[in-house]
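Scroll down for the structure; my scribbles are underneath it.
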Amino acid sequence: MSVRPPQSLAPSRQGETALGLLEYELMSERADSLGRAGLKVEALLARLGHADGAERENLLYDAAEAVQALFIQREVCGLRNGRDIIARYAIPGEVIARLGVKRPAANS
């Protein structure tokens, strides 16, 4: 005699539809993209800690662009509050002040 589990405990077949598979793939890609954006911010902030002069100024703008991209990617994932990211990555005020600011043209 075999016993069948209650339907409420049976695995859902909802995710097996083409739309469910597509939604799963999109969620996976969003999560992967969010992870890559976070790693880029970490790397730039680490480099920023060891830089000075003109290199530091360039890295400040690079970091600001990466942080802005991270904020945008988080919003795509439905995460609206950026304060936790600022605290988690210890993003300096110098970088925050440059969010959305166009990099000055290089003096030739």
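The sequence shown begins at 463 in the working numbering and counts up by one. All C-beta atoms in this analysis are idealised placements derived from N, C-alpha and C, irrespective of residue type, glycine included. Note that the coordinates shown come from a computational prediction; the quantities given were computed from them, not determined experimentally.
| Item | Value |
| --- | --- |
| C-alpha gap between V538 and L483, whole angstroms | 19 Å |
| Same chain, Cβ closer than 7 Å to S495, neighbours up to 5 away in sequence not counted | Q535 |
| Start-to-end residues for the alpha helix (DSSP H) that takes in I558 | 555-558 |
| Continuous alpha helix (DSSP H) stretch holding L484: start and end | 480-510 |
| Exposure of V503, with buried meaning 16 or more beta-carbon neighbours within 10 Å | buried |
| Closest residue to P554 among L481, L521, S490 (Cα-Cα distance) | L521 |
| Residue range of the alpha helix (DSSP H) that includes R542 | Where R542 is concerned, there is no enclosing alpha helix (DSSP H), given that its DSSP letter is neither H nor E. |
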